[in-house]
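Asker: As you go down the protein sequences, you meet chains A and B in turn. Going letter by letter, the first sequence gives residues 1 to 242 in my numbering. Going letter by letter, the second sequence gives residues 243 to 464 in my numbering. From the three backbone atoms N, C-alpha and C, an ideal C-beta is built for every residue, glycine too. Pasting in a structure now, in structure tokens, and then I'll have a few things to ask.
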Amino acid sequence: MSLVKIAGLHKHFGSNHVLKGIDLEIAEGEVVAIIGRSGSGKSTLLRTINGLESIDDGEIVVDGATLHAGDKDLRPLRLKVGMVFQQFNLFPHLTAGENVMLAPTVVKKTPRAEAMEIARKMMAKVGLAEKFDSYPDQLSGGQQQRVAIARALAMNPRVLLCDEITSALDPELVNEVLSVVKQLAAEGMTLVMVTHEMRFAREVGDKLVFMYQGRVHEAGPPRELFANPQTEELASFVGSIN
Amino acid sequence: MAYQFEFTPVFEHADLLLKGAGFTLALTVTGAVLGIGLGIVGAICRAWQLKPFNWLFGAYVEVIRNTPFLVQLFFIFFGLPSLGVKMGEWEAAVLAMVINLGAYSTEIIRAGIIATPRGQLEAAASLAMSRAETFRHVVLRPALQKVWPALTSQVIIVMLGSAVCSQIATEELTFAANFIQSRSFRAFETYFVTTAIYFALAVLLRQVLMALGRRFVIGRPA
Ligand SMILES: Nc1ncnc2c1ncn2[C@@H]1O[C@H](COP(=O)(O)OP(=O)(O)O)[C@@H](O)[C@H]1O
Ligand SMILES: [Mg+2]
């Protein structure tokens, strides 16, 4: 049984047909890396999985929570899905710890003391226990992104979506974020990452998804796909990256 | 012949001036708390386009911003009784100030709300926070923080504008000054002292509001 099941997914922005029938299944604990050229629909696909974008046709099921065209109540889905953004998007008026505590207290009504404990655990997990009381603008980009991961994890999601989470970082800060992700993967977290880090995708990914013009053009084990692309488009994309 | 300054007749009524200044402050504080509260509600309706309230608040803001405060006050105090709505001069003055400040702060706070970066809203949504939860915990404080200096200035403008409440015999500072002037015939001295008091009140109020902003709105050590 797959944890995430996407079937016949279509999405338009006005007359721009951005997702043209996506079918994708993700098993529990699987690490999926999504690659593809800019504008191929990677972010849009990720954003539909937690209801940040509405869908026009098809179905998304995450651990029993469903999304169809026209659905208004997105809460059940969002409770199952965490997301980390390229630009971190920490709440600037709250400390790192408060950022992590906010959703558990507000959404899940977790008692403060318990939420604090969860937050401390998550901050320790991303290696930032000592930054609990720092404000976002007192942290480096890499640290902010790790807090953003801790914030998503504090809601105990079944799957974590990461949209180019190292793209806004200085090169020397990329690894500290990737190593957190690697550790999550090793702990069995289900991950869907849009990434340009091909080496990372190859090392950590269980499945590689190549998006091309709004479709899943090729999918399979990363090593096989990189070594032996079945389509010209993937071959040329891999060529252009390396 | 040179004018002989004579402040004694003014200071003989120091108690009236003090009481008037107290009234002005009380009027301003009440008006500010309720007016900013009204402004937050108005700003939410406008920013979220909650029909029909966004339209109602839009019309309200336009009417208030394009008419004189004195006329608004007269309308409430002299006009409304014709419809059977009667109130004392204190209530009328407070109501006029709330309505006036409410309109300006609706626009000021709305500007703060719509300046919220989209990424903040998306992060909150991805954490399964509802729109109301997002507003309360993510949007409101940074929005108020951004516009707090503008709100502070508006509160001071309203405090200075409250002088016209003397026209309906609200016993605030200007009312006291007019009374003292009419008894002492010392216009220069009376209004000189009154001006100084308004100035001091405005400076004081600005300091207090900025301190409040740092403490409650910004809410973090600088
Ligand atoms: N909010 C939006 N409104 C209109 N068009 C959008 C929006 N978001 C993305 N698009 C369009 O959808 C297409 C896919 O974008 P995106 O999913 O961001 O691609 P990728 O992440 O692969 O670079 C692009 O043509 C982009 O211009
Ligand atoms: Mg993208």
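(1) Looking at C-alpha atoms only, which residue of B/273, B/256, B/432 and B/245 is the closest neighbour of residue 398 of chain B?
(2) Under 7 angstroms, Cβ to Cβ, is there at least one residue of chain A near residue 340 of chain B?
(3) Please go through the same chain and pick out, in chain order, the residues whose beta-carbon is closer than 7 angstroms to the beta-carbon of residue 122 of chain A, but skip the five residues on each side of it.
(4) Could you name the residues of the same chain whose beta carbon sits closer than 7 angstroms to that of residue 30 of chain A, not counting the 5 residues immediately before and after it, in chain order?
(5) Taking all protein chains shown into account, do 16 or more other C-beta atoms lie within 10 angstroms of the C-beta of residue 241 of chain A, making it buried, or fewer, making it exposed?
(6) So is residue 254 of chain B buried or exposed if we call it buried at 16+ other beta carbons inside 10 Å?
(7) Tell me, to the nearest whole angstrom, how far the beta carbon of residue 364 of chain B is from that of residue 89 of chain A; I am working on the premise that it is less than 8 angstroms.
(8) With a Cβ-Cβ cutoff of 7 angstroms, do residue 380 of chain B and residue 226 of chain A count as a contact?
(9) With C-beta atoms as the reference, is residue 415 of chain B less than 7 angstroms away from residue 309 of chain B?
(10) Just by C-beta distance, which residues in the segment 365–384 of chain B are closer than 7 angstroms to chain A?
(11) When you compare the CB of residue 361 of chain B with every CB in chain A, is at least one pair closer than 7 angstroms?
(12) Let's see if you can read the secondary structure: which residues bound the alpha helix (DSSP H) around residue 433 of chain B?
(13) Assuming residue 23 of chain A and residue 33 of chain A form a contact by the criterion Cβ under 8 angstroms, report the distance between their Cβ atoms to the nearest whole angstrom.
(14) Looking at the secondary structure, which residues open and close the beta strand (DSSP E) in which residue 125 of chain A lies?
(15) Please determine whether the Cβ atom of residue 245 of chain A lies at a distance below 6 angstroms from any heavy atom of ligand 1.
(16) Look up residue 388 of chain B in the DSSP assignment and say whether it is helix, strand or coil.
(17) Under 6 angstroms: does the beta carbon of residue 38 of chain A sit that close to some heavy atom of ligand 1?
(18) Give the residues of chain B in contact with residue 184 of chain A, contact being defined as C-beta atoms less than 8 angstroms apart.
(19) Can you tell me the Cβ-Cβ gap for residue 78 of chain A and residue 41 of chain A, rounded? I've got them flagged as a contact below 8 angstroms.
(20) With DSSP as the reference, label residue 73 of chain A as helix, strand or coil.
Answerer: Per the coordinate set shown:
(1) Position 156 of the second sequence holds residue 398 of chain B. Nearest of B/273, B/256, B/432 and B/245 to residue 398 of chain B, Cα basis: B/273.
(2) Within the second sequence, the letter at position 98 stands for residue 340 of chain B. False, the Cβ-Cβ gap to chain A never drops below 7 angstroms.
(3) On the first sequence, residue 122 of chain A is found 122 positions in, with the first residue counted as 1. Hits under 7 angstroms: 100, 150, 153 and 154.
(4) In the first sequence, the residue the question calls residue 30 of chain A occupies position 30. 190, 206 and 207, listed in sequence order.
(5) Reading the first sequence from its first residue, position 241 is the one you call residue 241 of chain A. With fewer than 16 Cβ atoms within 10 Å of its Cβ, residue 241 of chain A is classed as exposed.
(6) Residue 254 of chain B sits at position 12 when you count from the first residue of the second sequence. By the neighbour-count rule (16 or more Cβ atoms within 10 Å), residue 254 of chain B is not buried but exposed.
(7) Position 122 of the second sequence, counted from the start, is the residue given in the question as residue 364 of chain B. Position 89 of the first sequence, counted from the start, is the residue given in the question as residue 89 of chain A. Going by Cβ atoms, the distance from residue 364 of chain B to residue 89 of chain A rounds to 7 angstroms, so yes, they are a contact pair.
(8) On the second sequence, position 138 is the one that residue 380 of chain B refers to. On the first sequence, position 226 is the one that residue 226 of chain A refers to. Result no, Cβ atoms of residue 380 of chain B and residue 226 of chain A do not sit closer than 7 angstroms.
(9) Looking up residue 415 of chain B in the second sequence gives position 173. Looking up residue 309 of chain B in the second sequence gives position 67. Going by C-beta atoms, residue 415 of chain B is not nearer than 7 angstroms to residue 309 of chain B.
(10) 365, 367, 368, 369, 370, 371, 375, 379, 380, 383 and 384
(11) Taking the second sequence and counting its residues from 1, the one referred to as residue 361 of chain B is at position 119. Taking Cβ atoms only, chain A reaches closer than 7 angstroms to residue 361 of chain B, which makes this a yes.
(12) As a position in the second sequence, residue 433 of chain B is number 191, starting the count at 1. Counting along the chain, the alpha helix (DSSP H) containing residue 433 of chain B begins and ends at 429–454.
(13) As a position in the first sequence, residue 23 of chain A is number 23, starting the count at 1. As a position in the first sequence, residue 33 of chain A is number 33, starting the count at 1. Residue 23 of chain A to residue 33 of chain A, Cβ: 17 angstroms. No contact.
(14) Taking the first sequence and counting its residues from 1, one reaches residue 125 of chain A at position 125. Looking at the DSSP string, residue 125 of chain A is not in any beta strand (DSSP E); the run it does join, the alpha helix (DSSP H), is 112–125.
(15) Here chain A has residues from 1 to 242 only, and residue 245 of chain A is not among them.
(16) Here residue 388 of chain B corresponds to residue number 146 of the second sequence, with the count starting at 1. Helix at residue 388 of chain B.
(17) Stepping through the first sequence from its first residue, residue 38 of chain A is reached at position 38. Under cutoff, so the answer is yes.
(18) As a position in the first sequence, residue 184 of chain A is number 184, starting the count at 1. Going along chain B, no residue has its Cβ under 8 angstroms from residue 184 of chain A, so there is no contact; the nearest lies around 17 angstroms.
(19) Within the first sequence, numbered from 1, the residue matching residue 78 of chain A stands at position 78. Within the first sequence, numbered from 1, the residue matching residue 41 of chain A stands at position 41. Contact doesn't hold; Cβ gap of about 21 angstroms is too wide.
(20) Working through the first sequence from its first residue, we reach residue 73 of chain A at position 73. It is coil, neither helix nor strand.
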